[in-house]
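Asks: The structure follows.
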Amino acid sequence: MSELITKSALELAEGLRSGEFSSVEVTQAHLDRIHATEDDFGSFITVTDELALETAKSVDARRGSGEDLHPLAGVPVALKDLVVTAGVRTTAGSKMLENWVPPYESTVHLRVQDAGLPVLGKTNLDEFAMGSTTEHSAFGTTRNPWNLERVPGGSSGGAAAALAGFQAPLSVGTDTGGSVRQPAAFTGTVGVKPTYGSISRYGIIAMASSLDQVGPMGRDVADAAALHELLAGHDPLDSTSLPDEVPGFVAAARRGDLGGKKLGVIRQLRGEGYQDGVIDSFTAALDIAAAAGAEIVEVDCPSISYALDAYYLIMPSEVSSNLARYDGMRYGLRVEPSDGPVTAETVMAATRAAGFGAEVKRRIILGTYALSAGYYDAYYGSAQKVRTLVQRDFARAFEEVDVLVSPTAPTTALRFGAESDSDPMALYLGDVTTLPANLAGIPGLSLPSGLADGLPVGLQILAPARQDIALYEVAGPLEAALAASGGRVLDTLAEGLTAQ
Ligand code: GLN
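Counting in full-length UniProt numbering, the sequence shown runs from 1 upward without gaps.
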């Protein structure tokens with residue numbers, strides 16, 4: 001077992017700079033770990049050994065010749081398989097794109113490549129990012145490194161498991177209603193959903209375009225901050241991309257101090273339906289924050305009670321329109337009907353019947369219904385009004401506090417099949433804590449607050465739009481205070497490894 005795999009991304013960056021080890025060594029150590037553990041974890045759909053080592057070699061050579069490199073150059077990363085990679089199969093976890101090799105490049109992958117980060121592979125996800133457990137993937141399930149009987153969360157379950165399983169020091173996920181933050185919570189890692197529009201969506205396979213956002217994930221706050229700095233920034237190829245300068249997130253995480261910070265606990269996001277251990281861990285973390293000088297107050301965001309209903313109308317509506325492109329005509333799977341005439345309509349029907357899984361079909365049907373003539377005002381229109389109310393609630397709350405806090409998810413990692421296809425609503429309810437941030441476009445971060453019955457619990461921090469830096473100013477010192485009081489959650493797993 002190489003000790004390189006338990007180092008943080010920033011420690012690796014430092015060691016690479018000082019010449020303590022090479023990128024080839026670091027990359028090979030992670031690839032070895034992936035191959036030794038994939039049968040257990042199933043984090044990846046595709047592992048790109050050769051490409052990763054090629055990048056590592058070239059970074060080592062450039063460093064050797066004294067070139068000025070990006071601070072993260074040579075540190076490997078895993079990409080959720082929703083991020084388009086030119087020349088490397090990109091599946092979105094769907095049979096529809098099982099053999100699709102993109103002819104163009106996403107901005108995220110381009111930035112990662114330009115900075116010299118070897119890409120280890122493409123991680124597993126719920127099909128087209130629809131789900132909370134990674135059970136809805138056409139490429140098998142991913143298991144939680146904390147307990148192989150449990151899900152890693154979703155939809156970025158592979159991204160999170162790769163971190164907690166020490167297969168990758170950094171991961172890129174996406175978050176439409178919680179898909180970065182909730183898997184981070186379930187695996188004891190850190191996941192960030194930036195302000196809508198702050199990381200380019202160009203080349204990110206669309207789920208619900210007004211909610212989708214790319215999110216950096218790491219094993220600690222500073223690592224997530226470093227990846228965030230790399231990915232954020234204006235992109236002319238994305239019409240919703242913000243023009244904002246990218247501030248120093250790592251520096252913010254490190255210089256932070258909880259003294260004088262006002263944390264607002266959202267009254268609507270605790271209480272009934274929350275696992276006892278989750279509430280206990282959350283409350284204990286708030287006590288630690290208070291002891292470190294933070295002021296804790298309760299705030300009301302009444303419209304949050306309707307956010308889930310609004311999300312589950314807006315999201316499927318956008319899904320139904322975005323996924324209309326998978327028609328068997330242009331790219332991806334094409335299936336001709338087994339009998340009867342071959343027409344555009346019959347090919348489309350046969351392709352979609354074969355290519356989409358049950359959850360995707362359910363959402364397309366729901367969304368198509370909600371958008372149909374005569375229903376628009378009753379469903380989509382009303383949901384958009386709720387969305388505005390949620391935004392206003394947050395804006396009002398942020399007049400009184402620096403950040404808002406809540407448990408990231410009502411439960412710890414679920415068992416496989418705990419919520420079956422027969423009761424999708426039960427799973428949807430678990431998104432109540434995370435999806436309000438997507439409706440409002442504001443940034444959110446999940447960091448581990450502790451363990452409940454041996455499984456990680458996540459604490460969510462929310463900040464005003466375009467104030468992502470406020471997340472790090474609180475998360476950095478809070479992480480340090482939590483570590484000082486009870487140790488770091490992931491150290492339990494790391495210790496298990498070094499004992500091997
Ligand atoms: N779990 C949520 C859903 O199923 C969120 C998914 C996501 O953020 N991609 O829609």
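Glycine included, every Cβ here is placed at the ideal spot set by N, Cα and C.
A129: beta carbon under 8 Å from a heavy atom of ligand 1?
Replies: Yes; taking the cut-off as 8 Å, the Cβ of A129 has a heavy atom of ligand 1 nearer than that.
Asks: Between which two residues does the alpha helix (DSSP H) carrying P316 extend?
Replies: A307 to N322 is the extent of the alpha helix (DSSP H) around P316.
Asks: Give a yes or no on whether the C-beta atoms belonging to P407 and I442 are separated by under 9 Å.
Replies: No. Outside cutoff.
Asks: Based on DSSP bridge pairs, tell me the residues matched to M217.
Replies: M217 is bridged to S171 and G191.
Asks: Short check: CB of L170 to CB of A222, under 9 Å?
Replies: Not a contact, by the Cβ cut-off of 9 Å.
Asks: If you draw a straight line from the C-alpha of R387 to the C-alpha of A324, how long is it?
Replies: Taking the straight line from one Cα to the other gives about 24 Å.
Asks: Got a sec? Which residues, its chain only, sit under 7 Å from L10 by beta carbon, not counting five neighbours each side?
Replies: Here the set comprises A222, D223 and A226.
Asks: Could you check which residue in T27, H70, D60 and E135 has the C-alpha nearest to that of residue 506?
Replies: Given a span of 1 to 500 for the chain in the structure shown, any question on residue 506 remains unanswerable.
Asks: To the nearest angstrom, how far is the alpha carbon of K361 from that of V151?
Replies: The alpha-carbon atoms of K361 and V151 are separated by roughly 22 Å.
Asks: When the Cα atoms are used, what is the spatial distance from L263 to R488?
Replies: So the alpha carbons of these two residues sit roughly 22 Å apart.
Asks: So does L482 have its beta carbon nearer than 8 Å to some heavy atom of ligand 1?
Replies: No, Cβ of L482 sits at least 8 Å from all heavy atoms of ligand 1.
Asks: Considering only the alpha carbon of each residue, which of A159, Y196, F282 and G197 lies closest to V180?
Replies: Of the listed residues, the one whose Cα sits closest to V180 is A159.
Asks: Rank V403, A56 and R270 by C-alpha distance to the C-alpha of D114 and give the top, closest one.
Replies: Closest option to D114, Cα to Cα, is A56.
Asks: Going along the chain, which unbroken runs of the alpha helix (DSSP H) with 4 or more residues stay wholly within the region 54–113?
Replies: Those alpha helix (DSSP H) runs which fall completely within the region 54–113 and span 4+ residues do not exist here.
Asks: So, helix, strand or coil for Q275, using DSSP?
Replies: If DSSP states are grouped into helix, strand and coil, Q275 belongs with coil.
Asks: Compare the C-alpha of M96 against each of G165, E105 and S137 and name the closest.
Replies: If we check each option's Cα against that of M96, S137 comes out closest.
Asks: With C-beta atoms as the reference, is L427 less than 9 Å away from A383?
Replies: Not a contact, by the Cβ cut-off of 9 Å.
Asks: For P456, report the span of its beta strand (DSSP E) as first-last.
Replies: P456 -> beta strand (DSSP E) spans L455 to L462.
Asks: So, P456 versus F166, is the Cβ gap smaller than 9 Å?
Replies: Not closer than 9 Å, so no.
Asks: DSSP puts residue 549 in a beta bridge; with which residues?
Replies: No answer is possible for residue 549: it lies beyond the span of the chain, which begins at 1 and ends at 500.
Asks: When every heavy atom of ligand 1 is checked, does at least one fall within less than 8 Å of the C-beta of Y428?
Replies: At least one heavy atom of ligand 1 is nearer than 8 Å to the Cβ of Y428, so yes.
Asks: Can you have a look at P145 and say buried or exposed, based on whether 16 or more other CB atoms are within 10 angstroms of its CB?
Replies: With 16 or more Cβ atoms within 10 Å of its Cβ, P145 is classed as buried.
Asks: Name the DSSP bridge partner or partners of K262?
Replies: DSSP output for K262 lists E295 as bridge partner(s).
Asks: Rounded to whole angstroms, what is the Cα-Cα separation between A232 and A253?
Replies: Straight-line Cα distance between these residues: approximately 16 Å.
Asks: In terms of alpha-carbon separation, which member of G93, L117, E3 and S94 lies closest to E54?
Replies: Ranking the options by Cα distance to E54, first place goes to L117.
Asks: Compute the Euclidean distance between the alpha carbons of E345 and I365, then round it to the nearest angstrom.
Replies: Looking at the two C-alpha atoms, the distance is approximately 17 Å.
Asks: With hydrogens ignored, establish whether the beta-carbon of S446 is closer than 8 Å to any heavy atom of ligand 1.
Replies: No, the beta carbon of S446 sits no closer than 8 Å to any heavy atom of ligand 1.
Asks: Considering only the alpha carbon of each residue, which of T6, D423, T412 and T434 lies closest to L163?
Replies: Nearest option by C-alpha distance: T6.
Asks: Say whether chain D places a C-beta atom closer than 9 Å to the C-beta of N322.
Replies: Absent here is chain D; the protein component of the structure consists of one chain.
Asks: Give a single yes or no on whether Q460 has its beta carbon closer than 8 Å to a heavy atom of ligand 1.
Replies: Not so, every heavy atom of ligand 1 lies at least 8 Å from the Cβ.
Asks: By alpha-carbon positions, which one of D327, E98, Q182 and T174 ends up nearest to Y202?
Replies: Looking at the Cα atoms, T174 is the closest of the given residues.
Asks: Considering only heavy atoms of ligand 1, does any lie closer than 8 Å to the CB of M425?
Replies: It does not: the Cβ of M425 is nowhere closer than 8 Å to a heavy atom of ligand 1.
Asks: If you draw a straight line from the C-alpha of R363 to the C-alpha of S22, how long is it?
Replies: Computed Cα separation, rounded: 46 Å.
Asks: Sorry if obvious, but does the Cβ on M207 come closer than 8 Å to a heavy atom of ligand 1?
Replies: M207 Cβ: within cutoff of ligand 1.
Asks: Rounded to the nearest angstrom, how far is the Cβ of Q213 from that of P194, given a contact under 8 Å?
Replies: About 6 Å; that satisfies the 8 Å criterion.
Asks: Which of the three DSSP states, helix, strand or coil, is assigned to F44?
Replies: F44 falls in the strand class under three-state DSSP.
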